[in-house]
Amino acid sequence: MTTPSTMSLAVARVRDRRRATGFARRTADRLGVVGCIAATILLVIALAAAFAPLVAPYDPDYPDLLASLSGPSPAHLLGTDALGRDILSRLIWGSRITLAGPGLVIVIATVVGTLLALLAAWRGGRTDTAVAWVLDILFAVPGIVFALIAVAIWGPSLATVVGGLAIAYVPYVARVVRGASLRERRMPYVSAAWLQGQSGTGITFTQILPNVQPIVVAQAVSSLGFAVIELAAVSFLGLGVQPPTADLGLMVKSGFDSVLRGHPAEAIAAGTLIVLIVWCVTVIGDRLTSSARSMR
Amino acid sequence: MSLAPYLLRRLGGLLLVLLVTSFIVFGLLYLAPGSPLAFILGPRGGTPEQIAAVTEQYHLDDPFLLRYVAWLGDLLRGDLGYSIVYRQDVSALISSRVGTTLALVSMAAIIIALVGIAAGTFAALRGGWGDQLTSTLAAVGLSTPSFVVGVALISVFAVGLGWFPTFGSGTGGVDTLYHLVLPAVALSVASAAYLARITRAAVLEEGGREHVQTATARGLAPGHIVRHHVLRNSLIPIVTVLGLTIATLIAGAVVVENVFALDGLGSLLVRAILQRDFAVVQAVILVLVVAFVVVNAIVDVLYTFIDPRITLGSRQ
Chain A
1 MTTPSTMSLA VARVRDRRRA TGFARRTADR LGVVGCIAAT ILLVIALAAA
51 FAPLVAPYDP DYPDLLASLS GPSPAHLLGT DALGRDILSR LIWGSRITLA
101 GPGLVIVIAT VVGTLLALLA AWRGGRTDTA VAWVLDILFA VPGIVFALIA
151 VAIWGPSLAT VVGGLAIAYV PYVARVVRGA SLRERRMPYV SAAWLQGQSG
201 TGITFTQILP NVQPIVVAQA VSSLGFAVIE LAAVSFLGLG VQPPTADLGL
251 MVKSGFDSVL RGHPAEAIAA GTLIVLIVWC VTVIGDRLTS SARSMR
Chain B
1001 MSLAPYLLRR LGGLLLVLLV TSFIVFGLLY LAPGSPLAFI LGPRGGTPEQ
1051 IAAVTEQYHL DDPFLLRYVA WLGDLLRGDL GYSIVYRQDV SALISSRVGT
1101 TLALVSMAAI IIALVGIAAG TFAALRGGWG DQLTSTLAAV GLSTPSFVVG
1151 VALISVFAVG LGWFPTFGSG TGGVDTLYHL VLPAVALSVA SAAYLARITR
1201 AAVLEEGGRE HVQTATARGL APGHIVRHHV LRNSLIPIVT VLGLTIATLI
1251 AGAVVVENVF ALDGLGSLLV RAILQRDFAV VQAVILVLVV AFVVVNAIVD
1301 VLYTFIDPRI TLGSRQ
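Going line by line, the protein sequences match chains A and B.
Numbered by this note's numbering, the letters in the first sequence go through residues 1 to 296 in order.
Numbered by this note's numbering, the letters in the second sequence go through residues 1001 to 1316 in order.
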């Protein structure tokens, strides 16, 4: 009696592996060569950030005041900042917040925006008008101003800025997803599911959502690039992440003070890493967007 | 639809959005933790006179909706409140700083229009390595935050070469324009890159049209064809994007002004947030949002004038 079950297990596992390679292949096809390079770079940065305690050569907060503002050397590959902290270690630790903060912004905005859009598309009529109206009002405020408003009320911190930016990105996600879901809603397969007696919620989540999913993902990744820039900008202004926490926006800020004294290493390193991260995210977002469009 | 009712309807919609956003800006005070009075006076506390002044300014003795109406009335009369930190009317603070921001945004807009359209047209017409180079530069430009560009510009052109001043907005006139060069470049990099992309796509699309083939077959000079047949028709997407870009520059200026320590609205806003000067925060945010909404509305209306094929008031 055990033979068939192990057999089916083995079959299931083979099928699983096949699906995995299929998924990898499909993702690679969607990303193209440049997209794959960008994804690899981003993955390396993300892994280094995730395993920062293992990867970083020094404690990011340990000030070696005797070695402050030293140039690149075998001991400190990228040199040290004004307080003598190792720049490479701070870059690795700083990437954590620079990736996780905007990531959280986009996750919140995508979930809220997608739910709003699906609701508007399915219910139509007054609900749709009301949602469209709320989105219009949200569009009337530039993204970074949401973050500044949140900081003005609840004080400077990472959580406040993330909250403010999350609201700012909801309309961008919702507008794209609403358009796509309205198109899907008119498809024959939706009427077929309705005739089979599936509920509105059921159709929305089992039929429409899987079909608009590539668009949701593409929009989320494209927005992530902007979120990285805006969160870093708010931290640069001194209204987001607070020192001594390592953050790339803050590092450009503190590196800026060293620039004026003729030591550009920290600002160059942190600025370059931000540009690299945003470039990777934007390239991946562009590829996903064009492949989601070509699926239409 | 004819023109007058269309403009009236647009104006009505604009006023409605302004009304709602002004209500939200007004309501910010009541989202804050603690009582409005304690929030405005902050940890500094307040003398009985200050408490009376704040109560009077925000009409705190009235019911909630009446407070909004009274606040809006003050606003329309040009009374934006009183700054606790500067001990000055907020409207005076803003009017002394709005010029710098306006000059910065205008200068950036000119740079964006010139560089963006030129680079995009060059990439589309030149093709080959010119296209590759421009597209790569545009991709990097789009990924670079304005404050990183600002720090890099200061590092190279102000500290390194000494061609430009590091900080401040100068003493007025030509000196101010000279001080604004680096900030305007920093503000315009990402948008110019974006406009170059849009221009490139528009010129490529237009260049493949039949009327361009006809013009080429008729033996018109290539320069003439580019200027009168290709660019002219590509203007619609270009102008739209340019207009929307200018609206976003208003918010982008907040960051750039702080990098270069310019005395504009953005630096006023950030300092006011850090000093918990709520009247200033509220007023500057209101000014930024109103400017953003109004510029967007103007672009929307202009758009229908540029392209006669767009029917007035169609929503697409």
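Note that the Cβ used here is the ideal one computed from N, Cα and C, for glycine as well.
query                                                                                                                                                                 : result
Would you be able to state if there are at least three C-beta pairs under 8 Å between the segment 1230 to 1246 of chain B and the segment 1195 to 1211 of chain B?    : yes
How would you call A:TYR189, buried or exposed, if buried means at least 16 neighbouring beta carbons within 10 angstroms?                                            : exposed
Is A:VAL44 buried or exposed, if buried means 16 or more other CB atoms sit within 10 Å of its CB?                                                                    : exposed
Could one say the Cβ of A:ALA180 lies closer than 8 Å to chain B's Cβ atoms, at least one of them?                                                                    : no
Going by DSSP, which residues form a beta bridge with B:GLN1057?                                                                                                      : According to DSSP, which records beta bridges pairwise, B:GLN1057 is partnered with nothing at all.
For A:ALA265, I'd like the list of residues in its chain whose CB is within less than 6 Å of its CB, leaving aside the five on either flank, ordered along the chain. : GLY79
Taking only beta-carbon atoms, is A:THR80 less than 8 Å away from chain B?                                                                                            : no
Would you call the CB atoms of A:LEU158 and A:GLY101 closer than 8 Å?                                                                                                 : yes
Is it true that the CB of A:VAL228 sits closer than 8 Å to the CB of A:VAL173?                                                                                        : no
Counting contacts by CB-CB distance shorter than 8 Å, is B:GLN1316 in contact with chain A?                                                                           : At B:GLN1316 the pLDDT is 40, less than 50, meaning the model places this residue with poor confidence; the figure from the coordinates comes in the next sentence. Not an interface residue.
How would you write the range of the alpha helix (DSSP H) that B:THR1047 sits in, first residue to last?                                                              : It is not in any alpha helix (DSSP H) - B:THR1047 carries neither H nor E in the DSSP assignment.
Between A:PRO210, A:ILE149, A:ARG30, A:GLY197, which has its C-alpha nearest A:ILE284's C-alpha?                                                                      : A:ARG30
Would you identify the three-state DSSP class for B:SER1169, choosing helix, strand or coil?                                                                          : coil
Which first and last residues belong to the alpha helix (DSSP H) in which B:VAL1254 is found?                                                                         : 1232 to 1259
Which residues, in chain order, does the segment 153 to 183 of chain A contribute to contact with chain B at a C-beta distance below 8 Å?                             : ILE153, TRP154, PRO156
How many angstroms separate the CA atom of A:VAL281 from the CA atom of B:HIS1211?                                                                                    : 39 Å
Would you say B:THR1134 faces chain A, with C-beta separation under 8 Å as the test?                                                                                  : no
Out of A:LEU77, A:GLY113, A:ILE144, which one is the CA nearest neighbour of B:PHE1292?                                                                               : A:ILE144
With a floor of 3 residues, list each beta strand (DSSP E) that falls wholly inside the segment 57 to 101 of chain A, ordered by position along the chain.            : none
Residues in the same chain with beta-carbon distance under 8 Å from B:LEU1065, minus the five sequence neighbours each way, listed in chain order, please.            : none
Could you list which residues in chain B have their beta carbon closer than 9 Å to that of A:GLY94, in chain order?                                                   : The contacting residues do not exist; A:GLY94 stays about 14 Å from chain B at best.
Would you mind working out which of B:GLY1120, B:ASN1296, B:PHE1147 sits nearest B:THR1136, comparing C-alpha positions?                                              : B:GLY1120
In chain order, which alpha helix (DSSP H) runs of at least 4 residues are fully inside the segment 211 to 284 of chain A?                                            : 248 to 260
Output yes or no for whether 8 Å exceeds the beta carbon distance between A:ALA233 and B:PRO1183.                                                                     : no
Using a beta-carbon distance below 8 Å, is A:ALA12 in contact with chain B?                                                                                           : Confidence is the limiting factor: at A:ALA12 the pLDDT is only 47, short of 50, which leaves the residue's position unreliable and the question unanswerable from this model.
Quick one: list the residues of chain B neighbouring A:ILE144, beta-carbon separation under 7 Å, in chain order.                                                      : ALA1251, VAL1254
Output yes or no for whether 8 Å exceeds the beta carbon distance between B:HIS1179 and B:GLY1162.                                                                    : no
Whose Cβ in chain B lies nearer than 8 Å to the Cβ of A:VAL259?                                                                                                       : VAL1151, ILE1154, SER1155, VAL1159
Which residues, taken in chain order from the segment 86 to 112 of chain A, show a beta carbon closer than 7 Å to some beta carbon of chain B?                        : none
Need the endpoints of the alpha helix (DSSP H) that B:GLY1086 sits in, please.                                                                                        : Correcting the residue identity first, residue 1086 of chain B is Tyr in this sequence and not Gly. That residue, B:TYR1086, is in no alpha helix (DSSP H); it is neither H nor E in DSSP.
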